[in-house]
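Colleague: Below: one structure in structure tokens.
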């Protein structure tokens, strides 16, 4: 690695590295101390992966002397632990801790750990299981490149080990290159691997194959992005964590190319902008990544600031980036205006089937799209809600990828705010990753008119039953803060229905035909008098390997033919009373499963009526008579001063 290589930290001399150190201590003293504390744990023999954007965090410390490390045996019966160990991201922290403190213990640890790793992990069929998986090799290369950047001007290990590591870097890059394929481009793995290969080709341009690796990695990168970035900008695997991990690696590739004055194809920058734009829409107003698919709740501020610095021209009114972004950008002044931390949006990702409505007060996510592969969950018709900074209805998260640790339970429909028929999942899985039957989503739409949002979707997941059932959900959210949810089941015979509402609360209780949480200040009212309500403890996971108990409201109902179930979700101070009112057509009273009218009495004295057509009437669609007046449309909202036809 040449001295003039700018790399990630933007330092080409020892003096510039010291300037970087001063910048970190001056602007981010608390973050520096947190990094040092985290690094001291590893040096003392305590292995615990809890850094920002660690893909599979751990919650229980493991104590090992270096000579005791079992590289291929998991101490918690989850091989993800070993993958985290063998990616070596924590070694970058330790290198930075040495820069910040000049404490020789960090230098000694790096020497001893890397010697032990190289000795115990040659490329064999056995090590391909745990330390030579291609994804982990790609991530490890990026981390080793960052360590070498510092090592040039602040020796972190001996010259003898340095030579061993350089050879190892070349061998690992060659291994990634030999495993590239167009077919593998469908997975986030290949993007992460290419970041390591491309980075190596730039940082170690003296390697005999560097030019080939540079050109071929960009070719495969373009092909991979074409196969996994949807036209709407979402990464295809239905997980916000892996969407953001792909974005992060794209930014690293673009950064290295730009700093070393290499040509990065315009199409690659375009894909990165699409990924960043999508992330700016699904990020919550508080900057957090929601738990969706195989995702943890993470602070997206740093990644989105990094994207802003790499992909845009920052406005004049700007501030210093957060620590994560600073460590990504390195030495120098990088102003950010947080233009990707979008506070308000209403957006439908048509290919991904994800619908978002957010403002500084509310955040809605509604899902009616493809499974997306092994990282997707059984979350068709699921919706999440946060209100005034509180999570109200939540996704249960992922917890673990190990089947024996309830992997399938956390993926199941019953772990999401959706509905199931006859106690069966609409998707069927054979293990942690593979499926045997996947439901087809249909009838998706997102409409916004006059401050009202309508989310809708259906699926064919129960068409394999002897008596097929079509399931459809409409969620209508009003600017007053409440929502009306209508689930339609179209069938010929009897079925059992269960609908799940996961409240981020421990005090959920039943009150007649309603759930209520004082902690959250929310009610959910069922309009179906024959439905049975139940409150059950449910485990949820905001972070990998971590779980906690919340209360889930379950509504059970037996239907004998087509039916509709309707609910009102509202802050306690908004809705006073709800009633169904009759709907007529041609002098005939229509069934609620065909056309339903609901009158909501608000605490402020106002009334809102929603007319909702669930099926086509037998005599054809005509004007509907409600409370003495005729109305035409499929979904109509009546206020005291307006008539709004949503569609």
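Numbering (our numbering), first residue to last: 938 to 1584.
Ideal placement from N, C-alpha and C gives every residue a C-beta, glycine not left out.
Note that the structure is predicted; figures quoted are calculated from it, not measured.
#1: Residue 1202 and residue 1248 look like a contact to me (Cβ under 8 angstroms); what is the Cβ gap, rounded to whole Å?
#2: Just checking my contact of residue 1183 with residue 1192 at CB under 8 angstroms: how many whole Å lie between their CB atoms?
#3: If you reduce the DSSP assignment to three classes, tell me which class residue 980 lands in.
#4: So, helix, strand or coil for residue 1378, using DSSP?
#5: Starting from residue 951 and walking both ways along the alpha helix (DSSP H), at which residues does that stretch end?
#6: Helix, strand or coil for residue 1318 per DSSP?
#7: Pairing CB atoms from the stretch 1091 to 1104 with CB atoms from the stretch 1032 to 1047, are three or more of them under 8 angstroms?
#8: Out of curiosity, what's the CA-to-CA distance linking residue 1013 and residue 1341?
#9: How about residue 1520 and residue 1547: are their beta carbons less than 8 angstroms apart?
#10: Taking DSSP as the reference, what is the three-state secondary structure of residue 1576?
#11: Using the three-state DSSP reduction, which class does residue 1424 fall into: helix, strand or coil?
#12: What is the DSSP secondary structure of residue 1138, counted as helix, strand or coil?
#13: Quick one: Cα of residue 965 to Cα of residue 1227, how far?
#14: Do residue 1375 and residue 1279 count as a contact pair if the criterion is CB distance below 8 angstroms?
#15: Cβ of residue 1294 within 8 angstroms of Cβ of residue 1301?
#16: Starting from the Cα of residue 1388, find the closest Cα among 1373, 1281, 1470 and give me that residue.
#17: Roughly how many angstroms separate the alpha carbons of residue 1322 and residue 1396, rounded to a whole number?
#18: Have a look at 1206, 1131, 1070, 1078 and flag the residue whose alpha-carbon is nearest the alpha-carbon of residue 1025.
#19: Leaving out five residues on either side along the sequence, give the residues of the same chain with a beta carbon under 7 angstroms from the beta carbon of residue 1529.
#20: Flag this pair as touching only if the stretch 1209 to 1216 and the stretch 1157 to 1176 have three or more C-beta atom pairs under 8 angstroms; answer yes or no.
#21: Using only the alpha-carbon positions, how far apart do residue 1369 and residue 1136 sit?
#22: Am I right that residue 1498 and residue 1428 are in contact with their C-beta atoms under 8 angstroms? What's the rounded C-beta distance?
#23: Distance check for residue 1348 and residue 1051, CA to CA, integer angstroms please.
#24: Looking only at its own chain, which residues have a Cβ that is under 8 angstroms from the Cβ of residue 1112, when we skip the five neighbours before and after it?
#25: On the premise that residue 1463 lies in contact with residue 1401, defined as a C-beta separation below 8 angstroms, what is that separation, rounded to the nearest angstrom?
#26: Just reading off the beta strand (DSSP E) that residue 1356 is part of, what are its end residues?
#27: Report buried or exposed for residue 1572, applying the criterion of at least 16 other Cβ atoms within 10 angstroms of its Cβ.
#28: Excluding the 5 residues flanking residue 1144 on each side, which residues of the same chain have their C-beta closer than 7 angstroms to its C-beta?
#29: In terms of residue numbering, what span does the alpha helix (DSSP H) encompassing residue 1163 cover?
Modeller: Taking the definition as stated:
#1: Numbered from 1 along the chain shown, position 265 holds the residue referred to as residue 1202. Numbered from 1 along the chain shown, position 311 holds the residue referred to as residue 1248. Between residue 1248 and residue 1202 the Cβ distance is about 14 angstroms, and since that is not below 8 angstroms, they are no contact.
#2: Here residue 1183 refers to the residue found at position 246 when the chain shown is read from its first residue. Here residue 1192 refers to the residue found at position 255 when the chain shown is read from its first residue. With a Cβ gap of about 15 angstroms, residue 1183 and residue 1192 do not count as contacting.
#3: In the chain shown, counting from the first residue as 1, residue 980 sits at position 43. Note: residue 980 maps to helix in three-state DSSP.
#4: Position 441 of the chain shown, counting from 1, holds the residue named residue 1378. Strand.
#5: Residue mapping note: residue 951 aligns to position 14 of the chain shown, counting from 1. Per DSSP, residue 951 belongs to the alpha helix (DSSP H) from 951 to 964.
#6: Here the question's residue 1318 lines up with position 381 in the chain shown. Three-state DSSP puts residue 1318 in coil, outside helix and strand.
#7: yes
#8: Translated into positions along the chain shown, residue 1013 becomes position 76. Translated into positions along the chain shown, residue 1341 becomes position 404. Looking at the two C-alpha atoms, the distance is approximately 12 angstroms.
#9: As a position in the chain shown, residue 1520 is number 583, starting the count at 1. As a position in the chain shown, residue 1547 is number 610, starting the count at 1. No, the pair does not count as a contact, with Cβ atoms beyond the cut-off.
#10: Stepping through the chain shown from its first residue, residue 1576 is reached at position 639. It is coil, neither helix nor strand.
#11: Taking the first residue of the chain shown as 1, we reach residue 1424 at position 487. DSSP places residue 1424 in strand when its eight states are reduced to three.
#12: Translated into the one-based positions of the chain shown, residue 1138 becomes position 201. Reduced to three states, the DSSP call for residue 1138 is helix.
#13: Locating residue 965 in the chain shown gives position 28, where the first residue counts as 1. Locating residue 1227 in the chain shown gives position 290, where the first residue counts as 1. Distance between the alpha carbons of residue 965 and residue 1227 is about 26 angstroms.
#14: Residue numbering aside, residue 1279 sits at position 342 when the chain shown is read from its first letter. Residue numbering aside, residue 1375 sits at position 438 when the chain shown is read from its first letter. For residue 1279 and residue 1375, no; Cβs fall outside 8 angstroms.
#15: Position 357 of the chain shown, counting from 1, holds the residue named residue 1294. Position 364 of the chain shown, counting from 1, holds the residue named residue 1301. Yes.
#16: Here the question's residue 1388 lines up with position 451 in the chain shown. Selected option, being the one with the closest Cα: 1281.
#17: For the purposes of this step, residue 1322 is identified with residue 385 of the chain shown, where counting begins at 1. For the purposes of this step, residue 1396 is identified with residue 459 of the chain shown, where counting begins at 1. Whole-angstrom Cα-Cα distance: 21 angstroms.
#18: Reading the chain shown from its first residue, position 88 is the one you call residue 1025. When each option's Cα is compared against that of residue 1025, the closest is 1078.
#19: Start at 1 with the first residue of the chain shown, and residue 1529 comes out as number 592. Cβ neighbours of residue 1529 beyond the five flanking positions: 1501, 1517.
#20: Yes, since at least three Cβ pairs between the stretch 1209 to 1216 and the stretch 1157 to 1176 fall closer than 8 angstroms, the two stretches touch.
#21: Numbered from its first residue, the chain shown carries residue 1369 at position 432. Numbered from its first residue, the chain shown carries residue 1136 at position 199. Approximately 32 angstroms between the Cα atoms of the pair.
#22: For the purposes of this step, residue 1498 is identified with residue 561 of the chain shown, where counting begins at 1. For the purposes of this step, residue 1428 is identified with residue 491 of the chain shown, where counting begins at 1. That pair is a contact at about 6 angstroms.
#23: For the purposes of this step, residue 1051 is taken as the residue at position 114 of the chain shown. For the purposes of this step, residue 1348 is taken as the residue at position 411 of the chain shown. Cα to Cα, residue 1051 sits roughly 37 angstroms from residue 1348.
#24: To locate residue 1112, count along the chain shown from 1; it is residue 175. Once the five neighbours on either side are set aside, the close Cβ partners of residue 1112 are 1060, 1069, 1071, 1074.
#25: Counting from 1 along the chain shown, the entry for residue 1401 is found at position 464. Counting from 1 along the chain shown, the entry for residue 1463 is found at position 526. Going by Cβ atoms, the distance from residue 1401 to residue 1463 rounds to 28 angstroms, so no, they are not a contact pair.
#26: Locating residue 1356 in the chain shown gives position 419, where the first residue counts as 1. Residue 1356 -> beta strand (DSSP E) spans 1356 to 1358.
#27: Counted from its first residue, the chain shown places residue 1572 at position 635. Buried, since its Cβ has 16 or more Cβ neighbours within 10 Å.
#28: The sequence position of residue 1144 within the chain shown is 207, counting from 1. Counting only Cβ-Cβ distances below 7 angstroms, and skipping sequence neighbours, we find 1107.
#29: Here residue 1163 is taken as the residue at index 226 of the chain shown, counted from 1. Looking at the DSSP string, the run of the alpha helix (DSSP H) that includes residue 1163 is 1147 to 1165.
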